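S.K.:
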Amino acid sequence: MIIAVIGNGAAGYVAAETIKRHKPEAEVMMFARESYPLYSPCALPDCLGGDLERARLFLKKAEDYRSNGIETIFGQTVEKIDVKERLVITDQAVYHYDRVIMATGSKAVIPPIPGARLPGTFTLKSLDDLDSMLNYKPQRVIVVGSGNIGMEAAGAMRDRGFRVTMIEAQDHVMPRLFDKKPAHMLQNMLEQTGIRVITGEQVQTMDGRTRVEVVETDRSILECDMLIWAVGLSPECSLARESGIEVGPTRGIKVDRHMQTNAAGVYACGDCAEAFDIITGHPVNSMLWPSARRQAQVAALNCIGIETEYEGAFNIVVGEVKDRPFAALGNKEDIHAGPIRIIEGEHGDDYWRILVADQTLIGMQSIGDLKLCGTVGGLIRNRTSLQELRETLKDPGLKMTSPWAAEAAQRYLAGF
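As numbered in my numbering, residues 9 to 424 make up the sequence shown, in order.
#1: With DSSP collapsed to three states, give me the class of Leu369.
#2: Do three or more CB pairs link the stretch 132-152 to the stretch 313-320 at distances below 8 Å?
#3: Using the three-state DSSP reduction, which class does Ala40 fall into: helix, strand or coil?
#4: Any contact between the stretch 369-388 and the stretch 267-285? By contact I mean 3 or more CB pairs, one from each, below 8 Å.
#5: Val117 and Gly202: beta carbons closer than 9 Å?
#6: Report, in whole angstroms, the separation of the C-beta atoms of Lys68 and Tyr144, which I expect to be a contact under 8 Å.
#7: Does the pairing of the stretch 220-240 with the stretch 255-263 give three or more beta-carbon distances under 8 Å?
#8: If we call anything under 9 Å between Cβ atoms a contact, is Ala336 one with Arg349?
#9: Please tell me whether Gly320 and Ile370 are closer than 9 Å, where the distance is taken between their beta carbons.
#10: What number of angstroms, rounded off, separates the C-alpha of Ile324 from the C-alpha of Arg217?
#11: Counting C-beta neighbours from all protein chains within 10 Å, is the total for Pro53 16 or more, i.e. buried, or is it exposed?
#12: Buried or exposed for Glu399, please, with buried defined as at least 16 other CB atoms from any protein chain shown within 10 angstroms of its CB.
#13: Mind pulling the alpha helix (DSSP H) runs of 4 or more residues that sit fully within the stretch 50-108?
#14: Is Arg361 near the ligand ATP, in the sense that its beta carbon is under 8 Å from a heavy atom of that ligand?
#15: When burial is assigned at 16 or more other CB atoms within 10 Å of the CB, is Ile175 buried or exposed?
#16: Tell me the DSSP secondary structure of Ser393 in three-state form.
#17: Which two residues bound the contiguous alpha helix (DSSP H) that contains Val22?
#18: Could you give the DSSP three-state label for Ala308: helix, strand or coil?
#19: Quick one: measure Cβ to Cβ for Ala12 and Ala308, integer angstroms, because I've assumed they're closer than 8 Å.
#20: Could you tell me how far apart the beta carbons of Thr85 and Asp99 are, in whole angstroms, since I believe they sit closer than 8 Å?
#21: Cα-Cα, which of Cys277, Glu231, Asp233, Phe82 is closest to Cys245?
#22: Can you give me the start and stop residues for the beta strand (DSSP E) that Glu176 sits inside?
#23: Indicate the three-state DSSP secondary structure (helix, strand or coil) for Thr383 in the structure shown.
#24: For Tyr275, collect the residues of the same chain with a Cβ closer than 6 Å to its Cβ; drop the 5 residues on either side in sequence, then sort them by chain order.
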């Protein structure tokens, strides 16, 4: 059996590795446009800020592919999959396959506005992006977007000594992950580190003679000599569309619970795939490393005939602002149409909130003390009821781990 894996990110490598572990006689060809072995895009901001050496970004070496029996076809662009004849067509050659796993990843979103691609504008998605940014010498940096990438990029540029302004179109930072109250706390933390934060403004145009010099929003005109786009990621589905493979409403490759597409013998996983939320059941693009790994395992196992179902995507995002950790798990307040009840607690600079819908835990957001996150995250994933949460909070071990949080939650629950 010849299996083609298209993509060398987390999903692609895990898929290939899983196939070889369970079916070592299978021939695995891995295609990638980049020529690098697997590296961590999540760690790019750490390298940008000077906290991590470039060499430590790499998670695998070339010999790891060889020792695992994975044939690498790197530096070639896959232009089309002929699903009828079972051919992978690149810009250099044509390859036969029996099964194919698409792990084409995602791409950084750049809004279609004037000046959006001027010299001095960057995204932070790939190793090549990082190298370009490290070779650029700005003084005033604007980061557009305040999601996890935006927060980390802004912090990295501040650590390098540049003046940093962050612009967020919504009325609070991290709008896809945090509700307003904890988001405002995060914004205050950012501003205390010296990052200027502007919310509720939409970038409309950029201008400059030889590179970006001016950014105009619907309310302000700002000067800069570098701009970082961090407004989100979009599934890389151009190959799927070119090959006649169905794309879902979230613009990810549509798959079933076995990670199989509408084309026979074609599977998809990772950022490019449209999965479903484990809590709501709604279609989502998870865009998270743990989700990519699990989807890759499921796709690989089904690809070689070991029936496995994907459980659903569970949102877990962890980061920090100047050594102060934060976490968002599950869903936030505006995801559900019905009433949401909030259990929350504060202790000094520490804060957490648990979201409840229909007597069931659906999400948690925490800043500072994250000790409850592991326990509550598991409860959310399992659709735990409030009554089960009450029983869990009585556990002596949990009280010892984070006594103030456990006691605050118990007091709050007494009123439910």
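For every residue, glycine included, the Cβ atom is placed at its ideal position computed from N, Cα and C.
These numbers come from a predicted model, not from an experiment.
M.R.: According to the structure shown:
#1: Counting from one through the sequence shown, the residue named residue 369 turns up at place 361. The answer is strand: DSSP assigns Leu369 an E or B state.
#2: no
#3: Start at 1 with the first residue of the sequence shown, and residue 40 comes out as number 32. Ala40: strand per DSSP, three-state reduction.
#4: no
#5: Locating residue 117 in the sequence shown gives position 109, where the first residue counts as 1. Locating residue 202 in the sequence shown gives position 194, where the first residue counts as 1. No, these two residues do not count as a Cβ contact at 9 Å.
#6: As a first step, residue 68 must be located in the sequence shown, where it is residue number 60. As a first step, residue 144 must be located in the sequence shown, where it is residue number 136. Contact doesn't hold; Cβ gap of about 28 Å is too wide.
#7: no
#8: As a position in the sequence shown, residue 336 is number 328, starting the count at 1. As a position in the sequence shown, residue 349 is number 341, starting the count at 1. No, these two residues do not count as a Cβ contact at 9 Å.
#9: By 1-based counting over the sequence shown, the position of residue 320 is 312. By 1-based counting over the sequence shown, the position of residue 370 is 362. Their beta carbons are not under 9 Å apart, which means Gly320 does not touch Ile370 by this criterion.
#10: Numbered from 1 along the sequence shown, position 316 holds the residue referred to as residue 324. Numbered from 1 along the sequence shown, position 209 holds the residue referred to as residue 217. Cα-Cα distance, rounded: 42 Å.
#11: Counting from 1 along the sequence shown, the entry for residue 53 is found at position 45. Burial state of Pro53 is buried, judged by a 10 Å Cβ sphere holding 16 or more other Cβ atoms.
#12: Counting from one through the sequence shown, the residue named residue 399 turns up at place 391. So Glu399 ends up on the exposed side.
#13: 52-56, 70-75
#14: Ligands in the displayed structure: none, and consequently the ligand ATP is not present.
#15: As a working mapping, residue 175 is identified with position 167 in the sequence shown. By the neighbour-count rule (16 or more Cβ atoms within 10 Å), Ile175 is buried.
#16: By 1-based counting over the sequence shown, the position of residue 393 is 385. Note: Ser393 maps to strand in three-state DSSP.
#17: Against the sequence shown, residue 22 aligns to sequence position 14. Run containing Val22: 18-30, per the alpha helix (DSSP H) assignment.
#18: As a working note, residue 308 is residue 300 in the sequence shown. Ala308 falls in the helix class under three-state DSSP.
#19: Translated into the one-based positions of the sequence shown, residue 12 becomes position 4. Translated into the one-based positions of the sequence shown, residue 308 becomes position 300. Actually they are not in contact, since the Cβ atoms of Ala12 and Ala308 sit about 12 Å apart, beyond 8 Å.
#20: Locating residue 85 in the sequence shown gives position 77, counting from the first residue. Locating residue 99 in the sequence shown gives position 91, counting from the first residue. Indeed, because the Cβ distance is near 5 Å, the residues count as touching under 8 Å.
#21: Residue mapping note: residue 245 aligns to position 237 of the sequence shown, counting from 1. If we check each option's Cα against that of Cys245, Cys277 comes out closest.
#22: By 1-based counting over the sequence shown, the position of residue 176 is 168. Its beta strand (DSSP E) spans residues 171-176.
#23: The residue given as residue 383 occupies position 375 in the sequence shown. DSSP places Thr383 in helix when its eight states are reduced to three.
#24: Translated into positions along the sequence shown, residue 275 becomes position 267. Within the same chain, Tyr275 has close Cβ partners Ile109, Met267, Gln268, Ala307, Cys311.
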